[in-house]
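First to last, the protein sequences are chains A and B.
In the working numbering, each residue carries its 1-based index in the first sequence increased by 2.
In the working numbering, each residue carries its 1-based index in the second sequence increased by 276.
Presented below is the structure to which this report refers.
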Amino acid sequence: MENQLEQKMLNNPFAREPKASSGWLWQVFTGVGLVFLLGLHFIANHFIVKGGLRDFANVVSYLRNPIILVLEVLFLVVVTTHAMLGVRAIVMDFGLSDRIEKRLSQALTIIGVLTVVYGLWLTWTIIH
Amino acid sequence: MATLEQPLEKSKYRRAGRWFDVRRRKAGMWAYALNRITGIGLVVYLYLHLGVLSLLSRGPTSWDSFVSLARSPSFLTLDVILLAGFLIHGLNGLRVALTGFNIGVKQQKVLFSALILVTIVALTVAELKILGG
């Protein structure tokens, strides 16, 4: 009976999680958000634009729309959070000690914040 | 001391990379591995994309010359690969979220087959649109 259960869990790797961690829940929330935000980003920047990419003037006028600006900044924050949590989940498979796990989380937080700051700076530079 | 630690280290790496080996594994493990492979690819792409966007800070000449290059067929083919990554990771991610909340656990294989089918159809349509101009 126990062996059968173990075999079932092996076949479904997602079942191995004892309980949903806050990292996993954030991964899900940001993932669902990304389905909409990335879809919007992709359609607005590549599908409805002639030639598949906006030229410089077009990018500037696009980002000067306040609604678009808010959505693009939100997209940047959500995609970076999702990416950092994903990297963390993969690295965590190495069975890290609590101390290294904490360091990893801190390092990924710093990388994530720097990524968002860079994105904000770039957006500001383009608009102005 | 080193002899005791070495096998431990080896087993740690073997365990960490176990998800990558999908031989003789069922659909659930294939989905798990696909999600991670596409995820790693998309993280790499995110930073490449942010790097390329820095051209915008250099003004219209730099950006517009990149746009002309990016409209070439070889670049557009890369777009199709990127879209495949988005579709697989996004749809599979939704499936993972559902099963994680105990929704559709018994139907996960059907969901996986459905997402692959939707990916193929969406990719075909997108490919025609992207490469067709």
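Beta carbons: idealized from backbone N, C-alpha and C, even for Gly.
Contacts that residue i makes with chain B (C-beta to C-beta distance below 7 Å)
i: glycine 33 (chain A); result: Gly369 and Ala373
i: glycine 88 (chain A); result: Gly315 and Val319
i: alanine 85 (chain A); result: Val319 and Leu322
i: valine 30 (chain A); result: Ala373 and Gly376
i: isoleucine 102 (chain A); result: Correct list: empty, because the minimum Cβ distance to chain B is about 12 Å.
Proximal residues of chain B, C-beta to C-beta of residue i below 8 Å
i: valine 81 (chain A); result: Leu322
i: isoleucine 129 (chain A); result: Per Cβ cutoff of 8 Å: no residues; isoleucine 129 (chain A) is ~10 Å from chain B at best.
i: aspartate 57 (chain A); result: Pro336, Trp339, Asp340 and Val343
Residue i, enclosing alpha helix (DSSP H) - first and last residue
i: glutamine 29 (chain A); result: 24 to 44
i: asparagine 378 (chain B); result: Careful: asparagine 378 (chain B) lies outside any alpha helix (DSSP H) and carries neither H nor E.
i: isoleucine 70 (chain A); result: 68 to 94
i: glutamine 108 (chain A); result: 100 to 129
i: isoleucine 50 (chain A); result: Counting along the chain, isoleucine 50 (chain A) falls outside any alpha helix (DSSP H), and DSSP gives it neither H nor E.
i: leucine 55 (chain A); result: Neither: leucine 55 (chain A) is in no alpha helix (DSSP H) and is coded neither H nor E.
i: glutamine 384 (chain B); result: 384 to 408
i: glycine 317 (chain B); result: 303 to 329
i: serine 333 (chain B); result: No alpha helix (DSSP H) holds serine 333 (chain B); DSSP gives it neither H nor E.
Assumed close pair residue i, residue j - CB separation to whole angstroms, cut-off 8 Å
i: leucine 404 (chain B); j: isoleucine 128 (chain A); result: Not quite, the Cβ-Cβ distance comes to about 32 Å (not below 8 Å), so this is no contact.
i: isoleucine 364 (chain B); j: threonine 400 (chain B); result: Not confirmed; about 14 Å, so no contact.
i: methionine 86 (chain A); j: isoleucine 50 (chain A); result: That belief does not hold up - the Cβ atoms of methionine 86 (chain A) and isoleucine 50 (chain A) are roughly 30 Å apart, past 8 Å.
i: leucine 39 (chain A); j: leucine 76 (chain A); result: 6 Å
i: leucine 78 (chain A); j: glycine 25 (chain A); result: Incorrect: roughly 20 Å between the Cβ atoms, too far for contact.
i: leucine 358 (chain B); j: tyrosine 323 (chain B); result: Contact flag wrong, Cβ pair sits at about 14 Å.
Interface residues of chain A facing residue i [CB-CB closer than 9 Å]
i: isoleucine 406 (chain B); result: His48, Phe49 and Gly54
i: glycine 421 (chain B); result: As shown, chain B starts at 277 and ends at 409. That puts residue 421 (chain B) outside it, with no answer to give.
i: glycine 366 (chain B); result: Gly33, Leu36, Val37, Leu40 and Gly41
Neighbourhood of residue i by C-beta distance below 8 Å, restricted to the same chain and skipping five residues each side
i: leucine 356 (chain B); result: The residue asked about is misnamed: residue 356 (chain B) is valine in this sequence, not leucine. Excluding residues within five positions, the ones whose Cβ falls inside 8 Å are Leu399, Ala402, Glu403, Ile406 and Leu407.
i: serine 330 (chain B); result: none
i: tryptophan 126 (chain A); result: none
i: methionine 277 (chain B); result: The predicted position of methionine 277 (chain B) is uncertain, since its pLDDT is 48 and thus under 50; no value can be drawn from it.
i: leucine 326 (chain B); result: none
i: asparagine 311 (chain B); result: Ile364, His365, Asn368, Gly369 and Val372
i: serine 107 (chain A); result: Arg90
i: leucine 345 (chain B); result: Phe351
i: glutamine 384 (chain B); result: Ala303, Gly304, Ala307, Arg371 and Thr375
i: valine 317 (chain B); result: Here the sequence assigns glycine to residue 317 (chain B), which means valine is not the residue at that position. Closer than 8 Å at the Cβ level, and outside the excluded window around glycine 317 (chain B), lie Gly361.
Other residues of its chain near residue i: CB distance less than 6 Å, five sequence neighbours each side excluded
i: glutamate 19 (chain A); result: Note on glutamate 19 (chain A): pLDDT 49, under 50, position unreliable in the model; no value is reported.
i: threonine 395 (chain B); result: Leu363 and Ile364
i: threonine 32 (chain A); result: Val80, Thr83 and His84
Spatial neighbours of residue i in its chain, beta-carbon cut-off 7 Å, leaving aside the 5 residues before and after
i: tyrosine 64 (chain A); result: Arg56 and Ile70
i: isoleucine 102 (chain A); result: none
i: glycine 41 (chain A); result: none
i: leucine 110 (chain A); result: Met86, Val89 and Arg90
i: leucine 36 (chain A); result: Val80, Val81 and His84
Where residue i meets chain B, residues with beta-carbon distance less than 9 Å
i: tyrosine 120 (chain A); result: Leu326 and Ser330
Problem set entry | Contact list for the segment 324 to 353 of chain B against chain A, Cβ threshold 8 Å | Leu326, Leu329, Ser330, Leu332, Ser333, Gly335, Pro336, Trp339, Asp340, Val343, Ala346, Arg347 and Leu352
Exercise. When Cβ atoms are compared, which residues of the segment 57 to 79 of chain A fall closer than 8 Å to chain B?
Worked result: Asp57, Phe58, Ala59 and Val61
Exercise. Listed from N- to C-terminal order along the chain, which residues in the segment 373 to 396 of chain B have their beta-carbon within a distance smaller than 9 Å of any beta-carbon of chain A?
Worked result: Ala373, Thr375, Gly376, Phe377, Val381 and Gln384
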